[in-house]
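> The structure is given below, and queries will be raised subsequently.
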Amino acid sequence: MLDGINNIEMIKISNKEKKYTEKISSSLSHSLTAGFKLSNTEALSTEASLLISKIFETLIIFSGAYLVLNGNLSLGELVAFTLIKDRVTQPLIRLASLWEEYCQFKLSKDRVDVVFKETSEVDTGKKVEQIHNIKFDSVSTYINKKVVVDNISFECNKGSITSIIGESGSGKSTLLKIVPKLINIDGGKVFINEENLNGINLKSLRDNIAYVGQECHIVNGTVKDNILINSSRKDDEWLSYVCRLSCCHDFILDLEEGFDTLIGEGGNNLSGGQKQRITIARCIAADRDVLLLDEPTSALDSETEQIIVSNLKEYSQDRIVLVATHRKEILNISDDVIDFTPSIK
């Protein structure tokens with residue numbers, strides 16, 4: 002479940018919601034089964050605690066009786082001690098337990114409220130088979146009442162690379178997320194093939210888009226699974242091709258199990274540069290009309306970056322590429338540059 006939540010952007014853009022829902026349902030089923038077993042264990046533990054408590058009380062009574070018989074303690078004092086012990090300790094124990102339960106309930110409620118406040122995506126409208134043109138017309142977007150994208154207009158066609166530059170927080174990433182409708186606009190219009198973005202079927206739109214975000218989304222599985230997760234082709238020839246384009250072929254072969262090496266949740270056993278190259282390979286393997294790349298080479302050394310950028314130029318000849326970047330190597334191959342710096346307020 003955490004794997005799905007952490008990679009929600011990738012799942013939505015890849016139209017894998019149904020697959021991951023089924024996977025989560027299966028995981029929840031196993032989790033519930035384990036939960037019932039744990040509950041039984043806890044019940045046995047509780048009974049054992051009660052038994053120990055009763056044994057302890059019995060020892061107190063026998064010890065008290067011994068002291069009473071020897072004249073070291075009166076019967077009234079023994080009875081009073083026993084009654085006061087239960088009246089004082091039990092409410093305190095229960096009070097502590099109630100406070101812990103309340104904190105857990107409140108935390109769970111707050112998390113669920115965040116989910117229920119989200120609006121469901123509507124999957125209606127005109128279907129698109131291919132995307133050959135994207136146009137932004139005076140587009141503005143607000144997040145938390147703050148202007149993030151301010152009156153932006155530009156157009157890009159198939160076969161072009163458009164770079165978006167600007168300082169951190171200037172809205173570059175937000176602009177990329179507008180295209181697959183991960184973020185909605187508040188002003189202006191976006192057109193796909195001269196059709197209003199709001200009138201296009203969401204699934205067909207995302208079927209034509211590949212996205213690489215600033216965070217490298219790695220799912221729990223093998224290296225091969227991570228690269229071909231959105232690809233219709235699963236053969237080794239295609240896998241080798243996309244890995245060579247993204248400069249990850251050699252380091253993958255150096256792994257213990259090669260392409261069958263298991264990657265843990267979040268890819269913690271990989272370096273930042275390795276994860277970034279795998280996500281670029283995944284993007285290429287998806288073979289989509291539109292590539293949205295958000296700082297795709299930020300974790301790479303200059304030599305590797307130059308090779309990938311050169312390969313990207315060749316690969317994008319019949320695709321639309323939008324890149325948020327500040328790297329000179331990418332700017333040098335761009336057909337158009339959108340400067341967000343003047344838009345900062």
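Under my numbering, the letters of the sequence shown match residues 2 to 346, in that order. Don't be surprised by glycine CBs; every beta carbon is placed ideally from N, CA and C.
1) Let me check one thing: in DSSP terms, what residues is Gly222 bridge-paired to?
2) Which stretch, first to last residue, makes up the alpha helix (DSSP H) that contains Leu1?
3) With 16 as the cutoff for other CB atoms within 10 Å, does Lys346 come out buried or exposed?
4) Apply the 10 Å Cβ neighbour rule to Glu296 and answer buried if 16 or more other Cβ atoms are within range, or exposed otherwise.
5) The beta strand (DSSP E) spanning Thr305 covers which residue range?
6) Along the beta strand (DSSP E) that carries Phe137, what are the first and last residues, could you check?
7) Among residues of its own chain, excluding the 5 on either side of Ser344, which ones have a beta-carbon nearer than 6 Å to its beta-carbon?
8) When the Cα of Thr342 is compared with those of Thr326, Ile285, Ile331, Lys276, which residue comes out closest?
9) Kindly indicate the opening and closing residues of the alpha helix (DSSP H) around Ala211.
10) Could you work out which residue in Lys86, Glu195, Phe192 is closest to Glu58 when comparing CA atoms only?
11) May I have the straight-line CA-CA distance separating Lys55 from Ile62, to the nearest angstrom?
12) Cβ of Thr175 within 7 Å of Cβ of Thr142?
13) Roughly how many angstroms separate the alpha carbons of Glu216 and Leu52, rounded to a whole number?
14) Between which two residues does the beta strand (DSSP E) containing Ile321 stretch?
15) Let's see if you can read the secondary structure: which residues bound the alpha helix (DSSP H) around Glu330?
16) Quick test of your reading: Asn158 and Asn185, contact by CB under 8 Å. State the CB separation rounded to the nearest angstrom.
17) Would Gly167 pass as a contact of Ile219 if the rule is Cβ separation under 7 Å?
18) Can the beta-carbon of Asn231 be found less than 7 Å from the beta-carbon of Ala282?
19) Taking the alpha helix (DSSP H) that Asp251 falls in, what are its first and last residues?
20) Going by DSSP, which residues form a beta bridge with Glu347?
21) Less than 7 Å between CB atoms is the rule here; does Asp302 satisfy it with respect to chain B?
Per the coordinate set shown:
1) When beta bridges are read from the DSSP output, Gly222 appears opposite Ile264.
2) The structure shown does not extend to residue 1, since the chain is modelled only from 2 to 346, so the question has no answer here.
3) Interpretation of Lys346 is limited by its pLDDT of 42, a score under 50 that renders its predicted location unreliable; no figure is taken from the coordinates.
4) Glu296 comes out buried.
5) Per DSSP, Thr305 belongs to no beta strand (DSSP E); it is in the alpha helix (DSSP H), 303 to 316.
6) For Phe137, the uninterrupted beta strand (DSSP E) segment begins and ends at 134 to 144.
7) Its pLDDT being 44, under 50, Ser344 is placed unreliably by the model, and nothing is read from it.
8) Looking at the Cα atoms, Thr326 is the closest of the given residues.
9) Run containing Ala211: none in the alpha helix (DSSP H); it sits in the beta strand (DSSP E), 210 to 213.
10) For the set Lys86, Glu195, Phe192, the Cα lying nearest the Cα of Glu58 is the one of Lys86.
11) In this model, Lys55 and Ile62 are separated by some 11 Å (Cα to Cα).
12) One thing to note: Thr175 has its Cβ within 7 Å of the Cβ of Thr142.
13) Between the C-alpha atoms of Glu216 and Leu52 there is a straight-line separation of about 53 Å.
14) Per DSSP, the unbroken beta strand (DSSP E) holding Ile321 starts and ends at 321 to 325.
15) Note, Glu330: alpha helix (DSSP H), 329 to 333.
16) Actually they are not in contact, since the Cβ atoms of Asn158 and Asn185 sit about 24 Å apart, beyond 8 Å.
17) No, the pair does not count as a contact, with Cβ atoms beyond the cut-off.
18) Taking 7 Å as the Cβ cut-off, Asn231 and Ala282 do not qualify as a contacting pair.
19) 250 to 254 is the span of the alpha helix (DSSP H), which, as asked, contains Asp251.
20) The question about residue 347 has no answer, for the chain in this structure spans 2 to 346.
21) No chain B is part of this structure, which consists of one protein chain only.
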